Amino acid sequence: MARNIDTKQFILAGPHHGIEISGAEDLSSFLFELIPQWPHSPQEHMGPVAQANSPPDQTPIIIENSNGQWRITSPHMAQGDNLVSVHAGAVRVGDGLVLLLGANGSGKSTFATLLAAMGQRFFADDRLILDLSLDPSKNGPIGRSLAIAPKVRLPLPHEATMAYRDFVDENSVLVWPEMAVLRPSPDLAANFGEALPVRALIHLDRDDGVDQPDLAVMRQPHMVRILLEQLFAPHLNQQRELAACVKLAGSVGLWQLRYNSAFSAANILLSHFDDGVDG
Amino acid sequence: MSRFSRSPGINETPVEDELFLIAVDSGDIYHLDQLAMSIWRALKEPASQAELQALFSQVFPDTPPATIEQDLIKALETLRSDALIAHDD
Numbered sequence: 023m024a025r026n027i028d029t030k031q032f033i034l035a036g037p038h039h040g041i042e043i044s045g046a047e048d049l050s051s052f053l054f055e056l057i058p059q060w061p062h063s064p065q066e067h068m069g070p071v072a073q074a075n076s077p078p079d080q081t082p083i084i085i086e087n088s089n090g091q092w093r094i095t096s097p098h099m100a101q102g103d104n105l106v107s108v109h110a111g112a113v114r115v116g117d118g119l120v121l122l123l124g125a126n127g128s129g130k131s132t133f134a135t136l137l138a139a140m141g142q143r144f145f146a147d148d149r150l151i152l153d154l155s156l157d158p159s160k161n162g163p164i165g166r167s168l169a170i171a172p173k174v175r176l177p178l179p180h181e182a183t184m185a186y187r188d189f190v191d192e193n194s195v196l197v198w199p200e201m202a203v204l205r206p207s208p209d210l211a212a213n214f215g216e217a218l219p220v221r222a223l224i225h226l227d228r229d230d231g232v233d234q235p236d237l238a239v240m241r242q243p244h245m246v247r248i249l250l251e252q253l254f255a256p257h258l259n260q261q262r263e264l265a266a267c268v269k270l271a272g273s274v275g276l277w278q279l280r281y282n283s284a285f286s287a288a289n290i291l292l293s294h295f296d297d298g299v300d301g
Numbered sequence: 347m348s349r350f351s352r353s354p355g356i357n358e359t360p361v362e363d364e365l366f367l368i369a370v371d372s373g374d375i376y377h378l379d380q381l382a383m384s385i386w387r388a389l390k391e392p393a394s395q396a397e398l399q400a401l402f403s404q405v406f407p408d409t410p411p412a413t414i415e416q417d418l419i420k421a422l423e424t425l426r427s428d429a430l431i432a433h434d435d
C-alpha cells in the first residue's frame, strides 16, 4: 500500500548526486511506490543522502502526470562523463542486459514486464543509467537500474497469458483504471544501482500487419539515429552525445524486432539471447 | 562560375559507411542520406552545380541526366537550408 508521507520536498540519491524533488505534495502519498528503493530523506532534514554528496549538488527531477500516467522525465540522473540515461526497457537475459528501445507505446513496458513474468530479471521499463566508460574489466557498457517501478497499461491485451495476468495481479501496488504500478519482489527485479553489462539493443517496431515476429540485425547508423532520440545526457555537448551514441551502438549487438504482439514475440527474444547469442 | 562549399564549423562523424554532421554552433546533428553524403564528400573542394552534375553523371552513367539534375538540385537545397553548405552567390 502507498505510504502516507506528507512533505513537499525530498532529496533522493542519484548515481552521483542528490536529486531534489520539489512540489511533491501530489506525489507524496505514492512517490515511493514508483521509486521504492531510492534512498531518500525530507529536504528539511538533509539526511545521509545529501550529506554523502558533499558539497550537495541537487539537480532537479521532474515527475509529470501525462494522460494519467506518472513519468519521470528528468535527464539529470546521469551526471558523470561516461554516464548517460536512456529511455529504454531492460531485462537480464542470459548473462547480460537486453535493452528495449522504441517510441512511447512501442511495447517497452509490456516486453520488460512480460519477460520478468517469464523469469528474467527486471531492470527497467522506461529509463536506465548507462556507464559507457567501457572499462575492459567491466566487459562492455554497463546498465544500472534506477529501481523505478514498472507500469502496465490496463486493461491488459486480450492475448495476455494467464501467467502474465497473475504476475500483474500479484505485483500491483497501485492500480488506476488505465494503469497499474508494479513492484516485483527483489528476486525478480534489480535493486537500485544494480548493474550488468549490456549485451544487445533491440529496437521495437510494432506493426499490426506483421504475421510472424521477425528479429533482424540492425545497422549501426540506424541505431545511432534512434539513440539520438532516446539517450539523454544534458551534461554532454552534442558532439559528445553523438559520440556516446556511436560508442554504445558500436559495442553491443543491434537488433530490430518487428512484431504484432509481445506475447507471441517474447519467446523469440528468450530463445535468441538466452543462448548467449548477442550479435 | 558560382560554387558551393562546405560551411565552416561542421564536424563529421562517420558511422560505418554513413555520415553524421554536427553544426558546432547550433549543436544540430544531421544524418546524411547517400546522395547528400556524396555531395558533402565531393565538396571537399568547392564545386559548381555543373561540376557536381558532371561528376555524378560519370558515377551513375545509367541514370538520365535530368534525374541527376533534379535530385542534385533538391539535395543541394536541403544541405543549404540546413546551413551545411554555402553558395558564393
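Residue numbers (my numbering), protein chains in the order written: chain A, 23 to 301; chain B, 347 to 435. Note that beta-carbon positions come from the ideal geometry of N, C-alpha and C, so glycine has one too. Treat the numbers as computed from the prediction; the structure is a model and nothing was measured.
Between residue i and chain A, is the shortest Cβ-Cβ distance under 8 Å, so that the two count as touching?
| i | result |
| --- | --- |
| Arg352 of chain B | no |
| Gly373 of chain B | yes |
| Phe366 of chain B | yes |
| Thr424 of chain B | no |
| Glu362 of chain B | yes |
| Thr359 of chain B | yes |
| His377 of chain B | yes |
| Ala429 of chain B | no |
Between which two residues does the beta strand (DSSP E) harbouring residue i extend?
| i | result |
| --- | --- |
| Ser351 of chain B | 350–352 |
| Asp363 of chain B | Note, Asp363 of chain B: premise wrong, no beta strand (DSSP E); not H, not E. |
| Val113 of chain A | 111–115 |
| Gln278 of chain A | 275–281 |
| Leu121 of chain A | 118–123 |
| Ala393 of chain B | Looking at the DSSP string, Ala393 of chain B is not in any beta strand (DSSP E), and its letter there is neither H nor E. |
| Asp236 of chain A | 236–239 |
So, with DSSP's three-state summary, where would you put residue i?
| i | result |
| --- | --- |
| Ala429 of chain B | coil |
| Trp386 of chain B | helix |
| Leu378 of chain B | coil |
| Val370 of chain B | coil |
| Glu415 of chain B | helix |
| Val128 of chain A | Before going on, a small fix: residue 128 of chain A reads as Ser here, not Val. The answer is coil: DSSP assigns Ser128 of chain A none of H, G, I, E or B. |
| Ile248 of chain A | helix |
| His67 of chain A | Note that His67 of chain A scores a pLDDT of 41, beneath 50, so its modelled location is shaky; the value from the coordinates is reported in the next line. In this structure, His67 of chain A counts as helix in the three-state DSSP scheme. |
| Thr81 of chain A | In this prediction, Thr81 of chain A scores a pLDDT of 45, lower than 50, which makes its location untrustworthy; the coordinate-derived value is nonetheless stated afterwards. DSSP places Thr81 of chain A in strand when its eight states are reduced to three. |
Strictly under 8 Å for the Cβ-Cβ distance: is residue i near chain B by that measure?
| i | result |
| --- | --- |
| Val246 of chain A | yes |
| Val239 of chain A | no |
| Val195 of chain A | no |
| Val232 of chain A | no |
| Pro199 of chain A | no |
| Ser268 of chain A | Looking at the sequence shown, residue 268 of chain A is not Ser but Val. It does; some Cβ of chain B falls within 8 Å. |
| Leu253 of chain A | no |
| Gln142 of chain A | no |
| Pro97 of chain A | At Pro97 of chain A, the pLDDT of 45 sits below 50, so the modelled position is not reliable and the matter cannot be decided from this model. |
| Leu250 of chain A | yes |
| Asn259 of chain A | yes |
| Gln242 of chain A | yes |
| Leu276 of chain A | no |
| Leu154 of chain A | no |
| Leu264 of chain A | yes |
Which residue's Cα is closest to the Cα of residue i: the options?
| i | options | result |
| --- | --- | --- |
| Asn126 of chain A | A:Gly275, A:Asp147, A:Asp230 | A:Asp147 |
| Arg221 of chain A | A:Arg247, A:Asn161, A:Ala134 | A:Asn161 |
| Asp227 of chain A | A:Ala287, A:Gly118, A:Leu270 | A:Ala287 |
| Ala211 of chain A | A:Thr135, A:Gln278, A:Leu178 | A:Thr135 |
| His244 of chain A | A:Trp277, A:Leu119, A:Glu216 | A:Trp277 |
| Glu362 of chain B | A:His294, A:Ser283, A:Val268 | A:Val268 |
| Leu218 of chain A | A:Arg175, A:Val115, A:Val195, A:Leu123 | A:Val115 |
| Val274 of chain A | A:Asn104, A:Leu121, A:Ile57 | A:Leu121 |
| Leu196 of chain A | A:Arg187, A:Ile224, A:Ala171, A:Asn259 | A:Ala171 |
| Phe214 of chain A | A:Leu204, A:Gln234, A:Leu168 | A:Leu168 |
| Trp198 of chain A | A:Gly231, A:Lys173, A:Pro208 | A:Lys173 |
| Val235 of chain A | A:Glu192, A:Ile290, A:Val113, A:Pro158 | For the sequence presented, residue 235 of chain A should be read as Pro rather than Val. Minimum Cα distance to Pro235 of chain A is reached at A:Ile290. |
| Val113 of chain A | A:Ala139, A:Asp103, A:Leu178, A:Asn104 | A:Ala139 |
| Ala238 of chain A | A:Arg280, A:Gln252, A:Arg247, A:Gln261 | A:Arg280 |
| Asp233 of chain A | A:Ala284, A:Glu263, A:Ile224, A:Val203 | A:Ala284 |
| Asp103 of chain A | A:Glu251, A:Asp153, A:Leu137, A:Lys130 | A:Asp153 |
| Asp230 of chain A | A:Arg175, A:Val108, A:Ser128, A:Glu263 | A:Ser128 |
Considering residue i, what are the terminal residues of the alpha helix (DSSP H) in which it resides?
| i | result |
| --- | --- |
| Phe145 of chain A | Element bounds for Phe145 of chain A: not the alpha helix (DSSP H) but the beta strand (DSSP E), 143–146. |
| Ala255 of chain A | Per DSSP, Ala255 of chain A belongs to no alpha helix (DSSP H) and is neither H nor E. |
| Phe302 of chain A | It is not possible to answer for residue 302 of chain A, since the shown part of chain A is limited to 23 through 301. |
So that I know if they touch, is there some Cβ in chain E lying closer than 8 Å to that of residue i?
| i | result |
| --- | --- |
| Ala393 of chain B | Among the chains of the structure shown, chain E does not appear; the protein chains present are A and B. |
Whole alpha helix (DSSP H) runs in the region 151–231 of chain A with 4 or more residues, listed along the chain?
As far as the region 151–231 of chain A is concerned, its whole alpha helix (DSSP H) runs of at least 4 residues are 184–193.
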